[in-house]
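**Student:**
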Amino acid sequence: MALNKQVADVKSALEGVQDNMTFMVGGFGLCGIPENAIAELVRRGIKGLTCISNNAGVDDFGLGLLLQKKQIKKMISSYVGENDEFERQMLSGELIVDLIPQGSLAERCRAGGAGIPAFFTPAGFGTEVAEGKEVREFDGKPHVLESALTADFAFVKAWKGDTAGNLIYKATAKNFNPMMAMAGRITVAEVEELVPAGALDPNQIHTPGVFVQRIFEGSNYQKRIERVTTRSRQ
Amino acid sequence: MALNKQVADVKSALEGVQDNMTFMVGGFGLCGIPENAIAELVRRGIKGLTCISNNAGVDDFGLGLLLQKKQIKKMISSYVGENDEFERQMLSGELIVDLIPQGSLAERCRAGGAGIPAFFTPAGFGTEVAEGKEVREFDGKPHVLESALTADFAFVKAWKGDTAGNLIYKATAKNFNPMMAMAGRITVAEVEELVPAGALDPNQIHTPGVFVQRIFEGSNYQKRIERVTTRSRQ
Amino acid sequence: MLSKDQIAQRIAQELQDGWYVNLGIGIPTLIANHIPEGINVEFQSENGILGMGPFPFEGEEDADLINAGKQTITAMPGAVYFDSATSFAMIRGQHIQLTVLGAMEVAQNGDIANWKIPGRMVKGMGGAMDLVASAENIIVAMMHTNKRGESKLLEQCSLPLTGVHCVKKIVTNLAVLEIKDGAFHLLERAPGVTIEEIQNATAGTLVVPDEVPEMNV
Amino acid sequence: MLSKDQIAQRIAQELQDGWYVNLGIGIPTLIANHIPEGINVEFQSENGILGMGPFPFEGEEDADLINAGKQTITAMPGAVYFDSATSFAMIRGQHIQLTVLGAMEVAQNGDIANWKIPGRMVKGMGGAMDLVASAENIIVAMMHTNKRGESKLLEQCSLPLTGVHCVKKIVTNLAVLEIKDGAFHLLERAPGVTIEEIQNATAGTLVVPDEVPEMNV
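Residue numbers (the working numbering), protein chains in the order written: chain E, 208 to 441; chain B, 208 to 441; chain Z, 931 to 1147; chain W, 931 to 1147.
(1) Any contact between the region 952-959 of chain Z and the region 330-345 of chain E? By contact I mean 3 or more CB pairs, one from each, below 8 Å.
(2) Since ASN970 (chain Z) meets chain B, which of its residues come closer than 7 Å, beta carbon to beta carbon?
(3) Please name the residue, chosen from E:VAL265, E:GLN278 and E:ASN211, that lies closest to PHE230 (chain E) on a Cα-to-Cα basis.
(4) Could you pull the start and end residues of the beta strand (DSSP E) that VAL395 (chain E) belongs to?
(5) Nearest to GLY310 (chain B) by alpha carbon, out of W:ALA1058, W:ASP1140 and W:GLN974?
(6) Mark MET386 (chain B) as exposed unless 16 or more other C-beta atoms lie within 10 angstroms of its C-beta, in which case mark it buried.
(7) Under 8 Å, Cβ to Cβ, is there at least one residue of chain E near SER1014 (chain W)?
(8) Give a yes or no on whether 8 Å exceeds the smallest Cβ distance from VAL1070 (chain W) to chain B.
(9) In or out: TYR376 (chain E) buried (at least 16 other Cβ within 10 Å) or exposed?
(10) By the 10 Å Cβ neighbour count, where 16 or more other Cβ atoms means buried, how is GLY1079 (chain Z) classified, buried or exposed?
(11) Less than 8 Å between the C-beta atoms of SER975 (chain W) and ALA998 (chain W), yes or no?
(12) Across the region 1046-1060 of chain W and the region 295-308 of chain B, are there enough close Cβ pairs to call them in contact, namely three or more that are closer than 8 Å?
(13) Do the region 260-280 of chain E and the region 396-416 of chain E meet, that is, are 3 or more Cβ pairs less than 8 Å apart?
(14) Look at LYS367 (chain B) and GLY239 (chain B) and say whether their C-beta atoms are less than 8 Å apart.
(15) Please name the residues in the region 1089-1116 of chain W whose beta-carbon is closer than 7 Å to at least one beta-carbon of chain E, in chain order.
(16) Are three or more beta carbon pairs between the region 1121-1141 of chain Z and the region 1073-1093 of chain Z nearer than 8 Å?
(17) Could you pull out every unbroken alpha helix (DSSP H) segment of at least 4 residues lying fully inside the region 993-1035 of chain W, listed in chain order?
(18) When the Cα atoms are used, what is the spatial distance from ARG191 (chain E) to LYS218 (chain E)?
(19) Mind checking whether GLY233 (chain E) and PHE383 (chain E) have CB atoms under 8 Å apart?
(20) Mapping the DSSP letters down to three states, classify SER975 (chain W) as helix, strand or coil.
(21) Note down the Cα distance separating LYS1099 (chain W) from GLU1085 (chain W), rounded to an integer number of angstroms.
(22) Check whether the region 344-364 of chain B and the region 982-993 of chain Z touch, using three or more Cβ-Cβ pairs below 8 Å as the test.
(23) For a test of the three-state rule: what should DSSP assign to ARG343 (chain B), helix, strand or coil?
(24) To which residues of the same chain is ARG317 (chain E) closer than 7 Å at the C-beta, ignoring the five residues directly before and after it?
(25) Does the beta-carbon distance from GLU242 (chain E) to LEU221 (chain E) come in below 8 Å?
(26) Check for me: the alpha helix (DSSP H) holding LYS218 (chain B) runs from which residue to which?
(27) Quick one: which chain Z residues come within Cβ less than 9 Å of VAL306 (chain E)?
(28) Skipping 5 residues on each side, what residues in its chain have a beta carbon closer than 7 Å to that of ARG440 (chain E)?
(29) Just list the residues that DSSP pairs TYR950 (chain W) with in beta bridges.
(30) Is there a C-beta anywhere in chain B that falls below 8 Å from the one on LEU953 (chain Z)?
(31) Measuring only between beta-carbons, confirm whether ILE412 (chain B) sits less than 8 Å from chain Z.
(32) With a cut-off of 8 Å, does the C-beta of VAL342 (chain B) fall near any C-beta of chain W?
(33) Go through the region 1073-1107 of chain Z residue by residue and report every complete run of the alpha helix (DSSP H) that reaches 4 residues or more, in order.
(34) Thinking C-beta only, is ALA406 (chain B) closer than 8 Å to MET1006 (chain Z)?
(35) Can you say whether LYS1000 (chain Z) is buried or exposed, counting buried as having 16 or more other CB atoms within 10 angstroms of its CB?
(36) Taking a cut of 9 Å between CB atoms, which residues from the region 974-989 of chain Z lie near chain B?
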């Protein structure tokens, strides 16, 4: 029988989260973010958090909700500041911000999940990102040594999941979710649709359940769009 | 419009293969091997090859066919020798064999395709595999620096593919194929069923077409089983 | 002098059939509207799609389908979605033939600065550092001068760098230039723009050949 | 003295509910037949499946569905297939709670040798080096002595190593032993086997406590 990772609700899913922990939060912009987990973190009011997330949400949604409540001490991201409160906290020094090239961020999460403590990448060589880091040439090209990232909890969002923790993402809502799922000591997956183990085609699973410790079916997804761009029908 | 990677047949797919090249060949045992490409390599009779492949086939199938014709100079593998001719050539010194831990082999192929020239792994520390390699401790645990692998051609086998080069593998026939597809300077994919671009669900593709330079629908797949194991119906 | 759209149009002439292309935010995005006849390319957006199509029809936006600029998009037939690690594996592994992006400054040694202005709010580099460090073929699309009229083509970048020795070609509202041997080489000028105007707008070393044809836009 | 099947049975008692387990070729494979009541585990095979099931019924073999021993298998409900890089990401990243494998030699410092005999045909280490270097919890399943009657529990391995300081528990046909502080600690003996027999069959340092219960098999 498949292992059962299902928990009753978002409250049980977040059992054990504490002040000063490090969290990974999936999503790119507001696309594919774990809305239910974020709401529950706000509700619990835990503080001093380090959040590893490609972006920091907008003022009134996503990680912006945690910023509003000053629950975040440090952001590790590649692109931020679509968010006035973020900017205010950063400029005032209330918020520590560690900016990382997007590809290095993704690969560092994967490395954390894959037991690879460090790897070389060309990204950031010659820039302030490489300061204090080992540089080595391979094939005549300089590369920077980057280290793995892990987290106490990883919060990810998928489209479908089964009780064994297997996940399927939809379109570009996949983004950082699969690597963060690998890198969480406890990975909490919320899904739009939770099905029994065996209901998903084992060929089509994006994140194997082994990476997921807790799974639940989320509710009330807003799935906000940051920039609606359309063309006219002509 | 999607880019078109389709070639007419295995002959055109292998255009440009030459003596003394380095090839990656997908598959685990005889499962998921590019049968058509191997047959064409035998037909062409090119020699002095370096083959990166987890295994070396059996005497009369898979890479064993190339060994029979003494076309292979060097094998880079994790497990070999289910093959008498292999053993004979290895013991006589005709064949150079470089044995690599299976996980390091997989990750080195991925690294080659992902532009990561080197990474640290704990595998092989303290063994002859680590000889001459840099060792560094992370979190008190020693790790070995392993380098990326690439190849002049990668030959992979998938279940379904489209003309844009997108691939879907079946069950455990996936194995090394996805990473090798990434690491070939020219990646040749053969598939059991080739469909027009757009016919596959973009959520369900395992290897994005960007990694595939040539694709064709293979024929006459034998799909041999090395060890048939069954249980009785009671 | 070229409009932003004409800059995009000129860069589109550089596209070769069968290329995978990553377009940055701003002017580069416009290139997709000018793909020459008979040229077939596929667009990658680094948040996780190959085969990006045009914006959706009104009412057909999908919150789960956006590009790296967070705009709603569509997928072309043959498209594929993937995670961010795979996306940057494509970029770092040089599977993408062309990257076009904007810049605040470009130096004559190929250095580029486009992510940070000291003292101002820093939004981050996003994927730009990975893209410029990895791509074999980078075209910078930008205005020749900044809003204060100062040249963006410099002997040396003054802003924090995004990448070093990586830019090979620049298309501005005034000219097409190549970076070679530590200098900007003028290849083409915008219709009606004189060599003197380009010289005046270029702070770095500018090499001007005997013939400088007008761009065909 | 235990049969191979009984060794597997004894190791199966170590399984904890909710574990992912990687079983090597040989004796370890037999463990799947002895999972205790109320214990739910999932088996990984490093060629690319989690949720490996029993052998297929005759006539239902699928060439595309094999285990790391190249045997035809089935998939349980909730199973998932993945590539070799992902498979070893699970292993290296310590997402698999238990690895059971065979050995030619184990040393009292936890070193293990199980892949190469100098002068004989070398087949390769397969995934063994990754498994032993990564797993937090490794049990070696083997006969206490080799075919020539020599102890396989040594002060120091004589064969080329597969991994260092990694084995914590050993279950043989004679005993259950733990490796601790550079010595083999006897935990249990096989039914009917005396401590003296175990001492005689163990070349390395053996620590024998006052009480050594018989295994429950």
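Where is the CB? At the ideal position from N, CA and C, for every residue including glycine.
Just so you know, these numbers come straight off a predicted model, no measurement behind them.
**Tutor:** Quick answer:
(1) no
(2) Reading the third sequence from its first residue, position 40 is the one you call residue 970 (chain Z). Chain B residues near ASN970 (chain Z): MET208 and LEU210.
(3) If you number the first sequence from 1, residue 230 (chain E) lands on position 23. Answer by Cα proximity: E:GLN278.
(4) Translated into positions along the first sequence, residue 395 (chain E) becomes position 188. First-last of the beta strand (DSSP E) with VAL395 (chain E): 391-402.
(5) Start at 1 with the first residue of the second sequence, and residue 310 (chain B) comes out as number 103. That would be W:ALA1058, whose Cα lies nearest to the Cα of GLY310 (chain B).
(6) In the second sequence, residue 386 (chain B) corresponds to position 179, counting from 1. MET386 (chain B) comes out buried.
(7) Here residue 1014 (chain W) is taken as the residue at index 84 of the fourth sequence, counted from 1. No, no contact with chain E.
(8) Counting from one through the fourth sequence, the residue named residue 1070 (chain W) turns up at place 140. Closer than 8 Å: no.
(9) Working through the first sequence from its first residue, we reach residue 376 (chain E) at position 169. Classification of TYR376 (chain E): buried, given that the 10 Å Cβ count is 16 or more.
(10) Along the third sequence, read from residue 1 onward, the residue named residue 1079 (chain Z) stands at position 149. With fewer than 16 Cβ atoms within 10 Å of its Cβ, GLY1079 (chain Z) is classed as exposed.
(11) Sequence index remark: in the fourth sequence, residue 975 (chain W) carries index 45 (1-based). Sequence index remark: in the fourth sequence, residue 998 (chain W) carries index 68 (1-based). Result yes, Cβ atoms of SER975 (chain W) and ALA998 (chain W) sit closer than 8 Å.
(12) yes
(13) no
(14) The sequence position of residue 367 (chain B) within the second sequence is 160, counting from 1. The sequence position of residue 239 (chain B) within the second sequence is 32, counting from 1. No, Cβ-Cβ distance for LYS367 (chain B) and GLY239 (chain B) is not below 8 Å.
(15) Contacts with chain E (Cβ-Cβ distance below 7 Å) from the region 1089-1116 of chain W involve no residue at all.
(16) yes
(17) 1014-1022
(18) There is simply no residue 191 (chain E) to check, as chain E begins at 208 and stops at 441 in what is shown.
(19) In the first sequence, the residue the question calls residue 233 (chain E) occupies position 26. In the first sequence, the residue the question calls residue 383 (chain E) occupies position 176. Against a cut-off of 8 Å, the Cβ pair of PHE383 (chain E) and GLY233 (chain E) comes out as a contact.
(20) Position 45 of the fourth sequence, counted from the start, is the residue given in the question as residue 975 (chain W). Of the three classes helix, strand and coil, the one that applies to SER975 (chain W) here is strand, per DSSP.
(21) If you number the fourth sequence from 1, residue 1099 (chain W) lands on position 169. If you number the fourth sequence from 1, residue 1085 (chain W) lands on position 155. Going by the C-alpha atoms only, they are around 15 Å apart.
(22) Contact fails: fewer than three Cβ-Cβ distances are below 8 Å.
(23) Against the second sequence, residue 343 (chain B) aligns to sequence position 136. Of the three classes helix, strand and coil, the one that applies to ARG343 (chain B) here is strand, per DSSP.
(24) In the first sequence, counting from the first residue as 1, residue 317 (chain E) sits at position 110. In chain order, MET386 and MET389 place their CB closer than 7 Å to the CB of ARG317 (chain E), counting only its own chain and leaving out the 5 sequence neighbours on each side.
(25) As a first step, residue 242 (chain E) is located in the first sequence; it is residue number 35 there, counting from the start. As a first step, residue 221 (chain E) is located in the first sequence; it is residue number 14 there, counting from the start. No, the pair does not count as a contact, with Cβ atoms beyond the cut-off.
(26) Residue numbering aside, residue 218 (chain B) sits at position 11 when the second sequence is read from its first letter. Its alpha helix (DSSP H) spans residues 217-220.
(27) As a first step, residue 306 (chain E) must be located in the first sequence, where it is residue number 99. Note that residue 306 (chain E) is Leu in the sequence shown, not Val. Chain Z residues near LEU306 (chain E): TRP1045, LYS1046, VAL1052, LYS1053, GLY1054 and MET1055.
(28) As a working mapping, residue 440 (chain E) is identified with position 233 in the first sequence. Once the five neighbours on either side are set aside, ARG440 (chain E) has no close Cβ partner at all.
(29) Residue 950 (chain W) sits at position 20 when you count from the first residue of the fourth sequence. Looking at the DSSP output, TYR950 (chain W) bridges to W:GLU972.
(30) Here residue 953 (chain Z) refers to the residue found at position 23 of the third sequence. Residue-level contact by beta carbon fails for LEU953 (chain Z) and chain B, as no gap is shorter than 8 Å.
(31) Start at 1 with the first residue of the second sequence, and residue 412 (chain B) comes out as number 205. Flagged as an interface residue toward chain Z: ILE412 (chain B), by a C-beta distance shorter than 8 Å.
(32) The count along the second sequence starts at 1 and reaches residue 342 (chain B) at position 135. No, no contact with chain W.
(33) Within the region 1073-1107 of chain Z, not a single complete alpha helix (DSSP H) segment reaches 4 residues in length.
(34) The count along the third sequence starts at 1 and reaches residue 1006 (chain Z) at position 76. The count along the second sequence starts at 1 and reaches residue 406 (chain B) at position 199. Contact flag unset, no.
(35) By 1-based counting over the third sequence, the position of residue 1000 (chain Z) is 70. Around the Cβ of LYS1000 (chain Z), a 10 Å sphere holds 16 or more other Cβ atoms; the residue is buried.
(36) GLN974, ILE979, LEU980 and GLY981
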